[in-house]
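*Asks:*
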Amino acid sequence: MRYSKLFGKTTKDAPHDADSANARLLTQGGFINQVTAGVYTYLPLGLRVLAKIKAIVRDEMDKLGAQEVLMPTLHPKQLYDATQRWEKIDVMFKLEGAGGKEYALSSTAEEVITPLVKAYAHSYRDFPVALYQIQDKFRNEPRAKSGLLRGREFSMKDLYSFHLTEADFLDFYEKAKAAYLAVYRRCGLDAIVAAASGGVFTEKNSHEFQVATPAGEDKIYIDRKTGEAMNKEIVPEADQENEEKYEIMKSIEVGNIFPLECRFSNAFDLKVPGPDGKLVDILMGCYGIGPSRVMGSIVEVHHDDRGMIWPKSVAPHHVHLVTLTGKDEEANGRIQESATSLVDELEDAGTEVLWDDREGVSAGEKFADADLIGIPLRLVISTKSLAEGSVEWKERYEQDARLVKLENVAEQIHEWLEAPERLTSH
Ligand code: ATP
Ligand code: MG
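The numbering of the sequence shown is my numbering, which starts it at 1 and goes up by one.
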C-alpha cells in the first residue's frame with residue numbers, strides 16, 4: 001500500500017473530547033474518525049487492525065468448537081416480553097417501525113439465540129450447542145468515553161452455549177476461559193481473570209477478563225495472600241481501601257463470561273427429551289469480547305509519547321517502508337527502483353508493507369508519522385543506505401537503526417515475523 005494513495009492521513013487534530021491515549025492516537029494516526037460521541041468510522045488502517053483482532057477471536061472460537069452465525073441487530077419487542085427485559089436493560093436503544101411496531105437495537109442477543117436453538121435442536125442428541133457471532137452492538141451508554149473503550153456502537157463477539165448437564169457446562173466454561181486468554185495473549189495483552197458478580201444476567205458468579213492500565217475505569221483487587229483477582233463488586237465494602245490485603249489496580253474489562261443457568265431457556269420453554277423420554281432443562285452460558293475495546297486497550301497499553309506501538313499480530317501492516325528522495329533525479333531513480341523491487345518481493349511472500357512514497361515530505365515528518373502509526377518495523381531506503389547496498393532497519397520500540405543488506409532483508413523479515421513479540425526495549 002502506498003501511503004500517498006492511502007485514504008486517511010495523519011493529522012495533528014484530535015477530537016476536543018479525546019480524553020484518552022487511544023482516542024487521540026487512533027484519530028491522529030488516521031485509524032478512526034469520530035462521527036459523534038461513542039460512534040466512529042474505521043478508516044482503512046483502523047479497519048485492518050479491527051479485522052485482525054476479529055480474525056484472532058474467530059480462530060479461537062472455531063478451535064473451541066463453536067460455530068459462527070450472524071443474527072440481526074434489529075430485535076422485535078415481543079422477544080423481550082418473554083424474558084421481561086424490555087424495561088430492565090437500561091442501555092437499550094428502542095425505536096418504532098412501520099405500523100407502530102417496536103424494536104430494539106441489539107445490545108446482547110439471548111432473546112434471539114434461544115428461540116433459534118429451540119427451532120433446530122429437538123433432542124438430547126443435538127446438544128451441546130455453541131454458537132457465536134461478531135456483530136456491532138448498540139448501547140445507550142450515559143457517558144460514551146475513552147475512544148473505543150466505551151462506545152454507543154461497538155464491535156462485540158458474543159458466544160452462547162447450551163448444555164444438558166452442569167458438568168458439561170462447567171467443562172465448556174473452563175475451555176472458553178482458556179480460549180479467551182489465548183485471544184488476549186495473541187493480541188499482545190496480559191489479561192487477568194477476575195471473579196465478578198453477574199450484573200443484569202444472573203446473581204451467580206461470573207468472570208471478567210481485565211487488563212491492568214491506569215487508563216481503565218474498572219478496579220481489580222488482587223488478594224495478596226491467595227493471588228486471586230476479583231472486581232470491586234465482590235470485595236466486602238469494609239475492605240475496599242485495604243491495600244495491605246489487596247493489590248488494587250485500575251483496569252479495562254475486555255471480556256466477560258457468565259453462567260446463565262436456565263434463565264433464558266426456561267423463558268422460551270427450551271427443553272428437550274432426554275434418553276428416557278423425560279424433558280431435560282437446558283443450561284446456558286454467555287461469553288462476550290469487545291474487539292473494538294480490545295483495539296483501544298492495545299493502544300492504551302502499548303504506546304509512548306511519539307505514538308502507537310502495535311504488536312505484529314494486529315498491526316495494520318507488518319512493515320513501514322520510508323523512501324527518502326531528494327533533488328538528485330538519478331539517485332531518486334535508484335531509490336525508487338530498490339523500493340519497488342523490495343516491496344514486490346515482500347508482498348509476494350505475504351508481508352504487508354505500507355510504503356511512504358510521498359515526495360516533498362521531509363525525513364523528519366515521515367519518521368514522526370511512522371512513529372505515530374506504530375507499525376512494528378520501519379525500513380528506510382535513502383541515498384545513504386544504498387551507498388552501503390543496504391536499508392536501515394529499526395523496530396518501533398528501538399531507539400537506533402542498523403543497516404541490513406538489501407539482499408538479506410526479505411529473509412530477516414521472515415525470521416522477525418516468526419520471532420516472539422517484542423514491544424518494549426526492556
Ligand atoms: P461494562 O461493564 O464495561 O459496561 P459489560 O459488562 O456491560 O461492560 P458485556 O455485556 O459483558 O459488557 O459485553 C461483553 C464485552 O463487550 C465487554 O467485556 C467489553 O469488552 C465489550 N463492551 C461492552 N460494552 C462496551 C462499550 N460500551 N463499548 C465498547 N465495548 C464494550
Ligand atoms: Mg462488566
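By construction, the Cβ of each residue, glycine as well, lies at the ideal position given by its N, Cα and C atoms.
What first and last residue would you give for the alpha helix (DSSP H) that runs through residue 300?
*Replies:* Segment 291 to 301, the alpha helix (DSSP H) holding residue 300.
*Asks:* Is the segment 316 to 327 close to the segment 275 to 295, with three or more CB pairs under 8 Å?
*Replies:* Counting Cβ pairs under 8 Å, fewer than three are found: no touch.
*Asks:* In chain order, what residues of the same chain have a beta carbon less than 7 Å from the beta carbon of residue 168, not counting five sequence neighbours either side?
*Replies:* So the qualifying residues of the chain are 128.
*Asks:* What are the residues that DSSP puts in a beta bridge with residue 286?
*Replies:* Looking at the DSSP assignment, residue 286 forms a beta bridge with 160 and 258.
*Asks:* Under three-state DSSP, which class holds residue 424?
*Replies:* Three-state DSSP puts residue 424 in coil, outside helix and strand.
*Asks:* Can you grab the Cα-Cα spacing for the pair residue 412 / residue 424, in whole Å?
*Replies:* So the alpha carbons of these two residues sit roughly 20 Å apart.
*Asks:* Taking residue 93 and residue 154 to be in contact with their CB atoms under 8 Å, please state how far apart those CB atoms are, rounded to whole angstroms.
*Replies:* In fact, because the Cβ distance is near 13 Å, the residues do not count as touching under 8 Å.
*Asks:* Mind reading off the beta-carbon distance from residue 432 to residue 354? Whole number of angstroms is fine, and I expect it under 8 Å.
*Replies:* An answer regarding residue 432 cannot be provided, because it is not within the stretch 1 to 426 covered by the chain.
*Asks:* Is residue 391 near residue 375, with beta carbons less than 8 Å apart?
*Replies:* Contact: no.
*Asks:* Please work out which residues of its chain come closer than 7 Å, Cβ to Cβ, to residue 48, disregarding the five sequence neighbours upstream and downstream, and give them in chain order.
*Replies:* Answer for residue 48: 316, listed in chain order.
*Asks:* At the level of alpha carbons, what is the spacing between residue 266 and residue 157?
*Replies:* Spanning the two alpha carbons is a distance of roughly 24 Å.
*Asks:* Report yes if the C-beta distance between residue 197 and residue 257 is below 8 Å; otherwise report no.
*Replies:* Cβ atoms of residue 197 and residue 257: not closer than 8 Å.
*Asks:* Helix, strand or coil for residue 147? Go by DSSP, reduced to three states.
*Replies:* Looking at residue 147 - three-state DSSP - the assignment turns out to be helix.
*Asks:* Report whether the distance from the Cβ of residue 149 to the nearest heavy atom of the ligand ATP is below 7 Å.
*Replies:* It does: the Cβ of residue 149 is within 7 Å (strictly closer) of some heavy atom of the ligand ATP.
*Asks:* Tell me, which residues are paired with residue 310 by DSSP?
*Replies:* None; residue 310 has no bridge partner.
*Asks:* Is the segment 296 to 305 in contact with the segment 212 to 229, if contact means three or more CB pairs nearer than 8 Å?
*Replies:* They touch, by the three-pair rule.
*Asks:* If I measure Cβ to Cβ from residue 65 and keep anything under 7 Å in the same chain, skipping five residues before and after, which residues do I get?
*Replies:* Counting only Cβ-Cβ distances below 7 Å, and skipping sequence neighbours, we find 130.
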